[in-house]
Amino acid sequence: MSADFYYAIEVILNGLMAGVMYSLVALGFVLIFKASGIFNYAQGVMALFAALTLVGFQNGEIPFSHLINAVFGTDIHHFGWHMPAFFAILCSLAVMILFAFLVEKYILKHLVNQEPIILFMATIGLAYFMEGFGDLMWGADIKKLDVGIPQGGNIWLEENTAFLGGDDFYGFYIDNLDIWATIFAAILVISLVIFSQYTKTGRALRAVADDHQAALSVGISLRSIWVIVWAIAGFVALVAGIMWGSKSGVQFSLSLIALKALPVLMLGGFTSIPGAIIGGLIIGVGEKLFEFLIGAPFLGGATENWFAYMLALLFLVFRPQGLFGEKIIERV
-7 MSADFYYAIE
3 VILNGLMAGV
13 MYSLVALGFV
23 LIFKASGIFN
33 YAQGVMALFA
43 ALTLVGFQNG
53 EIPFSHLINA
63 VFGTDIHHFG
73 WHMPAFFAIL
83 CSLAVMILFA
93 FLVEKYILKH
103 LVNQEPIILF
113 MATIGLAYFM
123 EGFGDLMWGA
133 DIKKLDVGIP
143 QGGNIWLEEN
153 TAFLGGDDFY
163 GFYIDNLDIW
173 ATIFAAILVI
183 SLVIFSQYTK
193 TGRALRAVAD
203 DHQAALSVGI
213 SLRSIWVIVW
223 AIAGFVALVA
233 GIMWGSKSGV
243 QFSLSLIALK
253 ALPVLMLGGF
263 TSIPGAIIGG
273 LIIGVGEKLF
283 EFLIGAPFLG
293 GATENWFAYM
303 LALLFLVFRP
313 QGLFGEKIIE
323 RV
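The numbers in this note's numbering rise by one with no breaks, and the one at position 215 of the sequence shown is 207.
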């Protein structure tokens, strides 16, 4: 086999890894949409806020220090200690669970049976509030996130695959962070499927997703389910924030990762957890292969920025419910 063949294999592997990162963000959208019919515009900002909170706990930063300093003329920024990554993650998860309670209490409770556009607009407002609140609480500077996940190319993989393509091939380059992201995503998806299929709460969540009124009639608490699903979405956002923040730093552009999830949702469907994963893998591999085979040689590169949206547009035209979504037929 020629070196070009193995380079193509490397591109596919890196595409799969990138697709996993996209799927992590898409999962949060799917969970909330299944349980409440809300397209959560704030999911990307939730990942940003979770990552900001994690870095703040790790570095021992004083919340609202910029505001305190401006009001009282002080110059305080840190408590003087650093929190281990594991405990910082637990504290950040607690914050995201508290966030879920607040969203249900002050937003969702007042919007029951409202039109989808009203719910969507509420999540837009929530996104801008969280972004501003995160800025006020932790500051807007770029922060380094390190939770102990290895980064850089996997040396073992490079050394043990270099012989495949002869002198022109130096082995598969796969980032360790992407490998760990794939492992965490696999564990997360398996856990969510088990939770959804084999636990009482998971079955209640599926019942709410199928029919709110029927679920209420058999005694299922809609408010409790919403808190649970938003808490799970907050946890997924925290995992996504850790992975993306470790790769590119925690900065406010991190909230734009939600845009990468949109084509994934259009391919996999808005109501399917496996669809979010498969859609992410298709997008990841598709954009990398298109860049490698067509974009770089013939179009001057930079096709990764728009390929996913062109593919999503084709799905909207020919299969709007996605690969795994449900086709809804309404009787008039």
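Idealized CB from N, CA, C, for every residue including glycine.
Relative to the C-alpha of residue i, which candidate in the options has its C-alpha closest?
i: Thr295; options: Ile270, Lys101, Glu96, Leu281; result: Leu281
i: Trp222; options: Thr153, Leu85, Asp133, Phe(-3); result: Leu85
i: Ser28; options: Asn105, Gly287, Val277; result: Asn105
i: Phe264; options: Met302, Gly314, Val309; result: It is Ser, not Phe, that sits at residue 264 in the sequence shown. Of the listed residues, the one whose Cα sits closest to Ser264 is Gly314.
i: Asn146; options: Leu137, Lys136, Ile171; result: Ile171
i: Leu111; options: Tyr120, Ala119, Leu100; result: Leu100
i: Ile234; options: Ile269, Met113, Ala80; result: Ala80
i: Ile182; options: Ala268, Ala92, Ser(-6); result: Ala268
Here's the rule: buried if 16 or more other CB atoms are within 10 angstroms of the residue's CB, otherwise exposed. What is residue i?
i: Trp298; result: exposed
i: Gln35; result: buried
i: Asn6; result: buried
i: Trp236; result: buried
i: Ile179; result: exposed
i: Glu151; result: exposed
i: Asp202; result: exposed
i: Gln189; result: exposed
i: Lys26; result: buried
i: Ala177; result: buried
i: Val210; result: exposed
i: Ile24; result: buried
i: Glu2; result: buried
Would you mind giving the Cβ-Cβ distance between residue i and residue j, rounded to the nearest angstrom? I have them listed as a contact below 8 Å.
i: Phe307; j: Leu259; result: 6 Å
i: Val228; j: Val47; result: In fact, because the Cβ distance is near 18 Å, the residues do not count as touching under 8 Å.
i: His74; j: Gln50; result: 6 Å
i: Leu149; j: Ile166; result: 6 Å
i: Leu230; j: Met88; result: 6 Å
i: Leu128; j: Leu59; result: 6 Å
i: Ala196; j: Ile217; result: 6 Å
Quick one: give me the first and last residue of the alpha helix (DSSP H) that residue i is part of.
i: Asp167; result: Asp167 -> no alpha helix (DSSP H), and no H or E assigned at all.
i: Leu308; result: 299 to 310
i: Thr263; result: Here Thr263 belongs to no alpha helix (DSSP H), and DSSP marks it neither H nor E.
i: Ala132; result: Taken as a continuous stretch (DSSP letters only), Ala132 belongs to no alpha helix (DSSP H), as it is neither H nor E.
i: Asn152; result: 147 to 153
i: Leu23; result: -5 to 28
Report yes if the C-beta of residue i is less than 7 Å from at least one heavy atom of the ligand ZN; otherwise report no.
i: Gly260; result: Looking at this structure, you won't find the ligand ZN or any other ligand, since it has none at all.
* Hey, which unbroken runs of the alpha helix (DSSP H) at 4 residues or more fall wholly within the segment 44 to 76? -> Counting only runs of 4 or more, we get 57 to 64.
### Task
Would you list, in sequence order, the uninterrupted alpha helix (DSSP H) runs of no fewer than 4 residues that lie entirely inside the segment 171 to 253?
192 to 202, 204 to 209, 214 to 240
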